[in-house]
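Participant: In the working numbering, the protein residues as written are 546 to 837.
Below, the structure written as C-alpha cells:
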C-alpha cells in the first residue's frame, strides 16, 4: 500500500494520496447534506450520485472496496483532502472525465450499456458551449449538442457529476473570493440542472492553493480530486511514473474530446486486458472518509 504524503505546496498531480496541512477555518458548509462520509454500502455514497431510473434499478456500477481494503483519511485542519490516487493494492483503477465540450451520444451508450463507472467533472462554459474548446483531438462533431440535457443522460446512466468551475481559470491567480465564486457558482448551476450539489472538486490544470481549499470547503466540497495519468486521443495513456504502467488505485483523467466514444472503448478494453477492474470512486472515497 502506498504511503500518505503531506503536500507542502500545490502540485499539479502527485502520484500519491495527498493531505493538506491545516489552515484557518473558513465558513461551514451547509449541514445535513451527505458527502463522501456516507456508508459505502448505501445505494448512493455521494450527494452527486443522484441518478435516474436506469441507474437506480441496477445500483451503482463498478468494483466496491472490500472490508479493510483502504485506510481512512482525516481532513487536516478541516480542509478537504487532496487525493490523486486511492491507497489500495487491489488491481482497480478509477475513470474520471473533465469539462463537457464534446457531447458524444456513443459515450453515454457505452457507460449505460456496459455499466462503466466514471465520474464527470463538469465545467459550465464547456457544457453550454461558451467559448472555444481545446483543439486536441481534432474538430468536434457534438460540441454542446445536448448541453445540460446530455449530462442528465449521464446522470441517469449512473455517472456522478462533480465540480470543475464555471470558466476554467488558473485558480492560483485569483483571490479567495473570486475562487469561491467559481466553485460555488458551478455547484449552484449543477444543483439547479441535475438536482444534486457536487461534493468533489477538480481544479482546472490541477492548480490550487490554500485559498482554493478554503473556498472549496465553504462551497460544500468534501475532497479535491487530482489524477495519476491522463488519456490522450486514440485512448493512449500518458503516465506520470517512470515505468509507464498502470498501478493499483490510479485515477485516470479523460476529456470530452472528439472521437470520445471510440477512444473510450479502446481505453476500457486496454485496462481490462491488463488485468485491472474499474472501481466505483464514490464507494472508495466513502470507505476512506472519517467523521469531521
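Backbone N, C-alpha and C fix where the C-beta goes; we use that ideal spot for every residue, glycine too. All values reported here derive from a predicted model rather than from experimental measurement.
#1: Would you give the residue range spanned by the beta strand (DSSP E) that residue 666 belongs to?
#2: Work out the CA separation of residue 744 and residue 682 for me, nearest whole Å.
#3: Taking the straight line between their C-alpha atoms, what separation do you get for residue 732 and residue 665?
#4: So the beta strand (DSSP E) residue 640 belongs to, where does it begin and stop?
#5: Quick one: using the 10 Å Cβ neighbour count with 16 as the cut-off for buried, is residue 645 buried or exposed?
#6: Apart from the five residues just before and just after residue 783, which ones in its own chain have a Cβ nearer than 7 Å to its Cβ?
#7: In terms of residue numbering, what span does the alpha helix (DSSP H) encompassing residue 805 cover?
#8: By alpha-carbon positions, which one of 702, 746, 755 and 741 ends up nearest to residue 720?
#9: If you draw a straight line from the C-alpha of residue 722 to the C-alpha of residue 748, how long is it?
#10: Buried or exposed, going by whether 16 or more other CB atoms sit within 10 Å of the CB of residue 553?
#11: DSSP three-state label for residue 696, please.
#12: Let's see if you can read the secondary structure: which residues bound the beta strand (DSSP E) around residue 707?
#13: Hey, how far is the Cα of residue 808 from the Cα of residue 779?
#14: Taking the beta strand (DSSP E) that residue 782 belongs to, which residues open and close that run?
#15: Beta-carbon separation of residue 616 and residue 632 under 9 Å?
#16: Cα separation between residue 767 and residue 625?
#17: May I have the straight-line CA-CA distance separating residue 706 from residue 717, to the nearest angstrom?
#18: Mapping DSSP to helix, strand and coil, what is residue 750?
#19: Specify the secondary structure class of residue 824 as computed by DSSP and reduced to three states.
#20: Note the first and the last residue of the continuous alpha helix (DSSP H) segment covering residue 735.
#21: Nearest to residue 656 by CA position, among 823, 730, 834 and 678, is which residue?
#22: For the alpha helix (DSSP H) that residue 633 lies in, which residues bound it at each end?
#23: Going by the DSSP bridge assignment, what does residue 800 pair with across the sheet?
#24: Looking at the structure shown, is residue 624 part of a helix, part of a strand, or coil, going by DSSP?
#25: State the Cα-Cα distance for the pair residue 795 and residue 810, rounded to the nearest angstrom.
#26: Per DSSP, what kind of secondary structure is residue 608 in: helix, strand or coil?
#27: How long is the line joining the alpha carbons of residue 627 and residue 825, rounded to whole angstroms?
#28: Please return the same chain residues whose Cβ sits closer than 7 Å to the Cβ of residue 672, not counting the five positions on each side in sequence.
#29: For residue 698, tell me which candidate among 668, 653, 725 and 684 has the shortest Cα-Cα distance.
#30: Can you tell which of 663, 789 and 648 has its C-alpha closest to the C-alpha of residue 702?
Facilitator: Let me spell this out:
#1: Within the chain shown, numbered from 1, the residue matching residue 666 stands at position 121. Element bounds for residue 666: 664 to 667.
#2: Reading the chain shown from its first residue, position 137 is the one you call residue 682. Reading the chain shown from its first residue, position 199 is the one you call residue 744. Rounded to whole angstroms, residue 682 to residue 744 spans 30 Å at the Cα level.
#3: If you number the chain shown from 1, residue 732 lands on position 187. If you number the chain shown from 1, residue 665 lands on position 120. Spanning the two alpha carbons is a distance of roughly 13 Å.
#4: Looking up residue 640 in the chain shown gives position 95. Counting along the chain, the beta strand (DSSP E) containing residue 640 begins and ends at 637 to 644.
#5: For the purposes of this step, residue 645 is identified with residue 100 of the chain shown, where counting begins at 1. Buried, by the Cβ-count rule.
#6: In the chain shown, the residue the question calls residue 783 occupies position 238. If we look at residue 783 and ignore the five residues flanking it on each side, its Cβ neighbours are 774, 775 and 777.
#7: What you label residue 805 is simply residue 260 of the chain shown in a count that begins at 1. Per DSSP, residue 805 belongs to the alpha helix (DSSP H) from 805 to 818.
#8: Translated into the one-based positions of the chain shown, residue 720 becomes position 175. Residue 755 is the option with its Cα nearest to residue 720.
#9: On the chain shown, residue 722 is found 177 positions in, with the first residue counted as 1. On the chain shown, residue 748 is found 203 positions in, with the first residue counted as 1. Whole-angstrom Cα-Cα distance: 15 Å.
#10: Position 8 of the chain shown, counted from the start, is the residue given in the question as residue 553. With a pLDDT of 35 at residue 553, under the threshold of 50, the modelled position of that residue is not reliable, and the figure given next carries that caveat. The residue is exposed, with fewer than 16 neighbouring Cβ atoms inside 10 Å.
#11: For this step, residue 696 is matched to residue 151 along the chain shown. Residue 696: helix per DSSP, three-state reduction.
#12: Your numbering for residue 707 matches position 162 in the chain shown. Note, residue 707: beta strand (DSSP E), 705 to 708.
#13: Locating residue 808 in the chain shown gives position 263, counting from the first residue. Locating residue 779 in the chain shown gives position 234, counting from the first residue. Their Cα atoms are separated by approximately 5 Å.
#14: Looking up residue 782 in the chain shown gives position 237. Counting along the chain, the beta strand (DSSP E) containing residue 782 begins and ends at 781 to 784.
#15: Numbered from its first residue, the chain shown carries residue 616 at position 71. Numbered from its first residue, the chain shown carries residue 632 at position 87. Contact flag set, yes.
#16: Along the chain shown, one-based indexing puts residue 767 at 222. Along the chain shown, one-based indexing puts residue 625 at 80. Spanning the two alpha carbons is a distance of roughly 5 Å.
#17: The residue given as residue 706 occupies position 161 in the chain shown. The residue given as residue 717 occupies position 172 in the chain shown. Looking at the two C-alpha atoms, the distance is approximately 24 Å.
#18: Sequence index remark: in the chain shown, residue 750 carries index 205 (1-based). Of the three classes helix, strand and coil, the one that applies to residue 750 here is helix, per DSSP.
#19: The residue you call residue 824 lines up with position 279 of the chain shown. Three-state DSSP puts residue 824 in a strand.
#20: Taking the chain shown and counting its residues from 1, one reaches residue 735 at position 190. 721 to 739 is the span of the alpha helix (DSSP H), which, as asked, contains residue 735.
#21: Residue numbering aside, residue 656 sits at position 111 when the chain shown is read from its first letter. Comparing Cα positions, the closest option is 823.
#22: The count along the chain shown starts at 1 and reaches residue 633 at position 88. Note, residue 633: premise wrong, no alpha helix (DSSP H); not H, not E.
#23: Working through the chain shown from its first residue, we reach residue 800 at position 255. For residue 800, which the question treats as bridged, DSSP gives the partners 643.
#24: Within the chain shown, the letter at position 79 stands for residue 624. Note: residue 624 maps to coil in three-state DSSP.
#25: Position 250 of the chain shown, counted from the first residue, corresponds to residue 795. Position 265 of the chain shown, counted from the first residue, corresponds to residue 810. So the two alpha carbons sit approximately 18 Å from each other.
#26: As a working mapping, residue 608 is identified with position 63 in the chain shown. In the structure shown, residue 608 sits in a strand (DSSP, three-state: E or B).
#27: For the purposes of this step, residue 627 is taken as residue 82 along the chain shown, with counting starting at 1. For the purposes of this step, residue 825 is taken as residue 280 along the chain shown, with counting starting at 1. C-alpha separation (whole angstroms): 18 Å.
#28: For this step, residue 672 is matched to residue 127 along the chain shown. Answer for residue 672: 645, 692, 693 and 696, listed in chain order.
#29: In the chain shown, counting from the first residue as 1, residue 698 sits at position 153. Out of 668, 653, 725 and 684, 653 has the C-alpha closest to the C-alpha of residue 698.
#30: Taking the first residue of the chain shown as 1, we reach residue 702 at position 157. Of 663, 789 and 648, the residue nearest in Cα terms is 663.
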